[in-house]
Structure formats: structure tokens, C-alpha cells
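Residue numbers (the UniProt record's numbering): 1 to 386.
Using N, Cα and C, we set each Cβ at its ideal position, and we do this for glycine too.
A quick write-up on the structure given underneath.
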């Protein structure tokens with residue numbers, strides 16, 4: 001997905017395409033102008049070393065990147081750019097855990113350096129690169145806190161975001177890590193109820209950070225609300241009730257729009273205004289898992305339908321490419337749609353869909369998938385070390 005710079009055609013500004021082909025890159029500009037921060041849901045040494053991130057920042061308005069265990073497992077298994085470092089770690093007798101920690105933090109540090117100009121230009125709002133705590137700690141609050149602090153110190157970059165899952169054990173960890181002045185990307189959020197818990201944890205962390213003397217303006221947080229997985233699970237249950245059920249594909253977008261309404265409510269409260277007066281920043285909703293799982297849906301639907309001010313959309317490469325090529329950006333598609341979205345939820349419940357169970361299953365599966373990817377990463381590095 002490397003960009004080439006096309007010549008100006010007919011006196012117009014050139015339009016750049018991912019992969020070098022011409023696309024209507026006005027789509028990406030329209031999102032940015034609306035207030036959507038475009039992040040790439042991928043990170044690898046090849047992107048760093050080849051200058052690909054630089055190209056996307058310059059030509060496509062990319063302002064951040066996220067990583068997760070699956071992304072690192074894929075990169076380590078496919079890219080030769082890691083060979084030299086793995087050889088050096090093997091000769092030094094590094095353990096598998098040490099090698100994984102070294103490789104991943106090196107990648108994130110280098111990516112953070114690339115995005116530092118964006119970070120400075122946006123006053124610290126964007127230019128962020130995320131690194132997840134060991135997913136095996138998802139149900140251990142104290143170890144999550146210790147790991148998050150260690151990652152923050154190891155990467156040692158102000159535009160790092162440490163990813164903490166929004167499990168019940170993750171909630172107190174979020175508060176404690178924010179209290180240390182560390183920026184946090186809260187991941188694996190599926191329900192509006194859990195999202196409200198996450199926002200409460202963030203505000204509590206800011207209050208503690210203030211009491212410890214931290215500059216609240218230096219703390220940034222996003223809440224990663226997973227989208228396509230909700231449709232995948234709900235659609236599966238709807239299919240068991242009725243073929244081509246009219247509510248197929250409605251749940252995820254309604255869920256995200258309700259989350260946005262909850263965000264607007266919390267971040268207009270008196271409690272928030274007091275923190276904002278001290279320099280605190282809104283915890284922006286981040287739409288994650290925005291690549292469609294059902295190929296019958298438009299491949300840009302979770303971007304088109306969730307475009308709204310003060311949000312982040314972290315897209316896999318294929319989705320970013322599709323958005324640049326043929327997105328249908330029609331302005332704010334989220335604000336003021338809470339009532340309509342609640343009706344969708346009411347209809348789903350009436351159809352027999354247990355949404356509480358849906359969200360419980362998705363959270364458990366999310367943690368399990370990241371644990372599996374982490375173990376695959378450990379196995380890959382172990383094999384290469386030996």
C-alpha cells in the first residue's frame with residue numbers, strides 16, 4: 001500500500017491513492033474536516049522502515065496508529081525486517097517474553113517518533129500510537145497497572161497510549177493508570193453501560209492525577225468502542241430466528257450512536273466542566289473493528305454511518321483504501337440519533353435478542369482472541385530465537 005505522487009491533471013490538485021492508484025481522496029479530507037481523526041489499525045516494522053507511515057501522514061491525513069497482539073503476531077510471522085534483532089536477542093540469551101517486549105516496544109517507540117510531528121501540530125490530541133498490555137492480565141487489575149506503568153516508562157514517548165481492556169478488572173486499572181499521568185486507550189468496549197463505567201473511571205483518574213500534581217492537559221484518552229463484531233454476533237442470532245431478518249446490520253451502528261450520546265452527556269456535566277477548567281481533555285470515542293465482517297454490507301459503512309465530530313476511526317488497511325476510493329461521507333451521521341437508535345434496541349429485544357448476553361459473549365471472546373494472538377506471538381518469537 002505504498003503511495004506514488006501522480007502528476008497534476010487538468011490544472012487540478014492531484015488526488016492520491018493508497019497503492020498508487022488515483023482515488024477520490026476528498027473523502028478522507030471530508031472526514032477530517034468533520035472532526036474525525038483517521039488512525040490506521042496496523043503497525044509493523046516494514047511500515048516504519050519503508051517510510052510508509054510518513055507517506056500516509058503526508059498524503060492521506062493519517063494522524064495515529066493502533067496495535068494489538070494480532071497485529072504484532074502477523075507482522076512477526078511475515079516480515080524479514082525483524083530477523084536481525086531476533087538474531088541479536090538470541091545470541092544475548094533473551095527469554096521469549098523479554099524478546100517480545102523488546103521488539104514490540106521498539107516498534108511502537110519508532111512509530112511514535114514518526115507521528116511526533118502530528119502530535120505537536122495537534123497540541124497532543126492526535127499523533128498517538130497505542131500499545132496493549134499483556135492480554136493475559138485482562139482480569140488482574142494490579143498486574144495491569146504495573147504493566148502499563150512499565151510500558152509507559154520503557155517506550156518513553158509522550159504520544160504513547162497504553163491500551164487497557166474494559167473488563168471489570170480493567171476499570172480500576174484505568175483510574176490508577178490515568179492517575180499516574182499516563183495516556184490510555186481503553187479497548188474492548190462493547191456496551192454503552194460498560195462505556196459509562198469507562199468514562200467514570202477516566203474522570204476518577206483525572207481527579208486523582210490532579211491531586212498528585214499532574215498536568216491534566218498532558219493526559220489524553222480514547223475509548224475504543226468495537227463495532228463490526230456487534231453486528232456479527234447479533235446477525236448470527238437473528239439468522240437463527242428468521243432468514244433475512246429486517247434488523248440485520250442495525251445493531252452495531254445503533255450501539256455506537258447511543259455511545260456517542262452517552263459521551264455528549266457525560267462530557268457536558270458539571271463534574272466534567274470542573275476538570276475541563278483544569279485543562280482536562282475529553283475522552284473521545286474511537287470506533288474500532290470498522291472493517292466489515294459481512295461482505296454483503298458496504299465496506300465503508302462503519303465509517304460513513306459513524307462520521308461525527310470529535311471521534312476517532314481506526315481503520316484496517318483495506319477499509320482505509322475503500323474509504324479513500326468510494327466512501328459516502330454525508331456529514332454528521334451520529335449526533336441527534338439516540339432516540340432512533342434506542343428504537344432499534346427495543347426492536348431487537350422484542351425480537352428475542354438478549355443484548356446483555358451479546359455484550360458479555362463479545363467481551364469474553366475479545367479477551368480470548370487477544371490471548372490466543374499473544375500466545376501465537378510468543379510461539380513465533382520462541383521458534384525464531386531457537
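Contact belief for residue i with residue j at Cβ below 8 Å, rounded distance in angstroms
i: residue 189; j: residue 224; result: 6 Å
i: residue 311; j: residue 291; result: Not a contact, Cβ separation roughly 17 Å.
i: residue 37; j: residue 63; result: 5 Å
i: residue 261; j: residue 338; result: 4 Å
i: residue 266; j: residue 199; result: 5 Å
i: residue 304; j: residue 333; result: 7 Å
i: residue 206; j: residue 219; result: 7 Å
i: residue 169; j: residue 141; result: 4 Å
i: residue 254; j: residue 341; result: 4 Å
i: residue 161; j: residue 116; result: With 8 Å as the limit, residue 161 and residue 116 do not qualify as a contact, their Cβ atoms being about 14 Å apart.
Same chain, Cβ closer than 6 Å to residue i, five either side skipped, listed in chain order
i: residue 229; result: 289 and 362
i: residue 373; result: 69, 70 and 73
i: residue 175; result: 201, 204 and 205
i: residue 132; result: 68 and 163
i: residue 187; result: 163, 165 and 224
For residue i, the nearest candidate out of the options (CA to CA)
i: residue 216; options: 275, 122 and 153; result: 275
i: residue 136; options: 74, 102, 165 and 386; result: 165
i: residue 353; options: 30, 253, 241 and 304; result: 241
i: residue 118; options: 52, 358, 35 and 57; result: 57
i: residue 208; options: 278, 235, 351 and 103; result: 278
i: residue 76; options: 385, 386 and 377; result: 377
i: residue 285; options: 323, 235 and 191; result: 191
i: residue 306; options: 328, 52, 296 and 293; result: 328
i: residue 102; options: 115, 114 and 85; result: 85
i: residue 345; options: 252, 386 and 121; result: 252
i: residue 245; options: 300, 99 and 234; result: 234
i: residue 29; options: 331, 269 and 380; result: 331
i: residue 172; options: 197, 250, 302 and 55; result: 197
i: residue 249; options: 294, 287, 53 and 282; result: 294
i: residue 259; options: 287, 239 and 270; result: 287
i: residue 336; options: 97, 263 and 360; result: 263
i: residue 350; options: 158, 247 and 40; result: 247
Boundaries of the alpha helix (DSSP H) in which residue i is found, first to last residue
i: residue 220; result: From DSSP, residue 220 is part of no alpha helix (DSSP H); its letter is neither H nor E.
i: residue 172; result: 170-179
i: residue 420; result: The displayed coordinates of the chain run from 1 to 386. Any statement about residue 420 would go beyond what the structure contains.
i: residue 239; result: 228-241
i: residue 147; result: 141-155
i: residue 360; result: 355-385
i: residue 341; result: 338-350
i: residue 303; result: 301-304
Extent of the continuous beta strand (DSSP E) to which residue i belongs
i: residue 284; result: 284-288
i: residue 96; result: Element bounds for residue 96: not the beta strand (DSSP E) but the alpha helix (DSSP H), 96-114.
i: residue 130; result: 128-132
Cutoff 7 Å; reference residue i; Cβ partners in own chain excluding five residues on either side
i: residue 154; result: 105
i: residue 32; result: 38 and 61
i: residue 79; result: 44, 45 and 46
i: residue 48; result: 107, 110, 111 and 114
i: residue 384; result: 86
i: residue 380; result: 73, 76 and 77
Bridge partners - residue i, DSSP secondary structure assignment
i: residue 39; result: 64 and 314
i: residue 187; result: 165
i: residue 160; result: 129
i: residue 224; result: 286
Proximal residues to residue i (C-beta, below 8 Å), its chain only, five neighbours per side dropped
i: residue 10; result: No answer about residue 10 holds up, because its pLDDT of 30 lies below 50 and its placement is not dependable.
i: residue 98; result: 89
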